[in-house]
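Inspection log for the structure reproduced underneath, given as structure tokens.
There are 2 protein chains.
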Amino acid sequence: MTEESSTKELIREAAVDLFAAKGFKGASVRDIARRVGIKESSLYNHYKGKAAILESILEYQLEGINRAMLSREEMDAFAAGESDPVKLWLRGVAFYSSRLPRLTGKINRIIHNEMYLDEKCRRFFVDHILERQIDLTVILLGDLVDRGMIRECPLVQTAERYVFMLHGLAQISTIYEIDLKRDGDIQNRIVEHMASFIEGLT
Amino acid sequence: MTEESSTKELIREAAVDLFAAKGFKGASVRDIARRVGIKESSLYNHYKGKAAILESILEYQLEGINRAMLSREEMDAFAAGESDPVKLWLRGVAFYSSRLPRLTGKINRIIHNEMYLDEKCRRFFVDHILERQIDLTVILLGDLVDRGMIRECPLVQTAERYVFMLHGLAQISTIYEIDLKRDGDIQNRIVEHMASFIEGLT
DNA sequence: GTCTATAATCTGATAGAC
DNA sequence: GTCTATCAGATTATAGAC
């Protein structure tokens with residue numbers, strides 16, 4: 033249940049690496065098979081074709097996100113002992129992030145990469161990343177308002193602005209990850225941006 | 033000077049369309065040549081290869097951005113007759129946008145698309161889009177503060193948040209452009225977000 | 001500057017033996 | 001489920017006639 037490590041699993045993992053690094057078009061079935069240590073023809077015993085591997089990756093990602101999602105009870109329990117909205121927010125984000133599978137970041141990069149070219153990736157991005165994050169943020173901000181921890185504000189617009197900000201930060205984070213240079217303290221900057229965003233709502 | 037329409041120009045224009053629609057890898061030299069109405073081999077009389085076409089597109093984009101840029105004098109003249117920071121901001125954005133070449137949006141999409149795969153596109157995005165927009169926004173916000181039109185705030189952090197927000201909005205704008213469905217009033221939403229962002233700084 | 005012809009390579013995918 | 005062998009087509013790019 034934790035980590036199968038079957039050939040099918042290994043293929044998917046290799047494909048995640050290669051799709052993220054070279055793009056869906058740029059990574060060939062040969063590349064993927066070579067990395068797994070099998071021949072191309074063997075790969076077709078596990079997946080119908082190249083497109084099917086990408087679909088499998090998307091399904092895997094959806095499961096991972098769904099499993100990491102905090103339940104209503106968990107969220108309430110989380111909020112119980114904390115009176116500082118900024119600390120509460122940051123702790124919540126850190127906890128959620130820690131529950132995401134290892135490959136989540138790389139797969140998000142693939143989705144982001146193919147979003148404009150592949151309809152399934154585009155759908156996934158809109159439905160399971162963008163809108164879901166906005167919906168969740170609306171709920172969380174609403175809770176903070178109800179608890180009197182931040183002032184009233186237009187929830188949807190504020191949530192959109194927050195999610196877009198995070199999205200931009202994630203993007204440059206990925207870019208600095210690729211080039212390594214001038215990475216500086218990008219992770220700290222993300223946290224600072226999140227903190228000052230919530231701070232600005234108090 | 034205005035629009036050459038030479039074969040070289042036509043090739044670049046066709047390439048912009050195809051790279052934006054199918055990606056750099058997905059659009060073949062054959063595709064580009066066919067759209068122009070010449071044979072592939074003829075294309076190599078104008079560009080050294082496929083990569084050279086993309087480079088030419090980036091150079092074209094850089095020129096367009098540089099030409100559209102408002103000078104210090106233009107910015108001051110713009111600010112002279114307006115006392116409402118929101119109106120001033122929106123008018124400035126609209127004016128700058130109106131000076132951008134026709135292909136700018138499509139080329140930005142290409143850059144965004146290849147950003148993670150191609151180093152030149154990644155460099156262009158960081159240097160000429162992201163950092164430039166942030167630098168400009170810092171200046172503009174600083175001006176507004178100096179004029180007493182908005183309150184003091186951490187300029188860089190605020191500018192980053194603004195640029196990232198716009199970036200996210202541009203992204204979903206592109207997505208809705210592709211799928212057409214549920215486009216709604218995305219352009220209005222962008223303007224609303226810009227307005228409420230500046231409004232929140234007063 | 002355009003064309004025809006062609007090279008050399010890579011692509012995703014299949015057939016069939018073991 | 002793995003392998004060898006192979007296919008049919010697309011890819012970028014070049015050579016050389018006009």
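Chain order of the listed sequences is A and B.
Sequential numbering of the first sequence, starting at 33, is according to our numbering.
Sequential numbering of the second sequence, starting at 33, is according to our numbering.
The beta-carbon is built from N, C-alpha and C at its ideal position, and this holds for glycine as well.
Does the beta carbon of residue i come closer than 7 angstroms to any beta carbon on chain A?
i      : result
B:N145 : yes
B:G58  : yes
B:L149 : yes
B:R134 : no
B:R179 : no
B:G69  : no
B:R62  : no
B:R193 : yes
What is the DSSP secondary structure of residue i, counted as helix, strand or coil?
i      : result
A:A111 : helix
B:H78  : coil
B:G180 : coil
B:G96  : helix
A:E134 : Residue 134 of chain A is actually Arg in this sequence, not Glu. Coil, per DSSP.
A:G58  : helix
B:P117 : helix
A:L233 : coil
A:V185 : For the record, residue 185 of chain A in the displayed sequence is Cys; it is not Val. A:C185: coil per DSSP, three-state reduction.
B:M197 : helix
A:S129 : helix
Using a C-beta to C-beta distance shorter than 7 angstroms, which residues of chain B count as neighbours of residue i?
i      : result
A:K82  : The premise fails here: A:K82 is roughly 13 angstroms from chain B at the closest Cβ pair, so nothing lies under 7 angstroms.
A:R131 : Within chain B, no residue comes near A:R131; the closest Cβ sits about 24 angstroms away, beyond 7 angstroms.
Shorter than 7 angstroms from the beta carbon of residue i to some beta carbon of chain B?
i      : result
A:G200 : yes
A:M197 : yes
A:M33  : Only weak support exists for where A:M33 lies, its pLDDT of 48 falling under 50; the coordinates are left without a value.
A:R164 : no
Cβ closer than 8 angstroms: which chain A residues qualify as neighbours of residue i?
i      : result
B:G137 : Near B:G137 there are no residues of chain A at all, since even the closest Cβ is about 13 angstroms away, more than 8 angstroms.
B:Q189 : E224, H225, S228
B:I89  : Those within 8 angstroms of B:I89 in chain A number zero; the least Cβ separation is about 16 angstroms.
B:K54  : L149
B:I85  : Those within 8 angstroms of B:I85 in chain A number zero; the least Cβ separation is about 17 angstroms.
B:R104 : Within 8 angstroms Cβ-Cβ: nothing; B:R104 doesn't reach chain A, min ~27 angstroms.
In chain B, which residues lie with their C-beta within 9 angstroms of the C-beta of residue i?
i      : result
A:H160 : Here the premise fails: no neighbours, minimum Cβ distance about 14 angstroms.
A:R183 : Going along chain B, no residue has its Cβ under 9 angstroms from A:R183, so there is no contact; the nearest lies around 12 angstroms.
For residue i, I'd like the list of residues in its chain whose CB is within less than 6 angstroms of its CB, leaving aside the five on either flank, ordered along the chain.
i      : result
A:A46  : I64, R67, V68
A:I182 : P117, L176, L233, T234
A:I218 : S205, Y208
Residue i touches chain B at which residues, Cβ-Cβ below 8 angstroms?
i      : result
A:I97  : Under the 8 angstroms cutoff, chain B gives no residues; its nearest Cβ is about 19 angstroms from A:I97.
A:I207 : M147, Y148, R154, F157, V158
A:I16  : Chain A is shown only over 33 to 234; residue 16 of chain A falls outside these bounds and no answer can be derived.
A:I43  : Simply none; closest approach about 21 angstroms.
A:R123 : Correct list: empty, because the minimum Cβ distance to chain B is about 22 angstroms.
Can you give me the Cβ contacts of residue i inside the same chain, cut-off strictly under 7 angstroms, excluding the 5 residues immediately before and after it?
i     : result
A:K71 : A65
A:G96 : L132, P133, T136
Along chain A, in chain order, which residues have C-beta atoms closer than 7 angstroms to that of residue i?
i      : result
B:I204 : L162
Which residues of chain A have a Cβ atom closer than 9 angstroms to the Cβ of residue i, listed in chain order?
i     : result
B:R66 : Going along chain A, no residue has its Cβ under 9 angstroms from B:R66, so there is no contact; the nearest lies around 19 angstroms.
Beta-carbon within less than 8 angstroms of residue i's beta-carbon, same chain only, minus the 5 sequence neighbours each way: which residues are those?
i     : result
A:V48 : I89, L135, K138, I139, I142
B:L94 : F156, H160
Start-end ranges of the alpha helix (DSSP H) lying completely within the segment 205 to 231 of chain A, minimum 4 residues | 218 to 231
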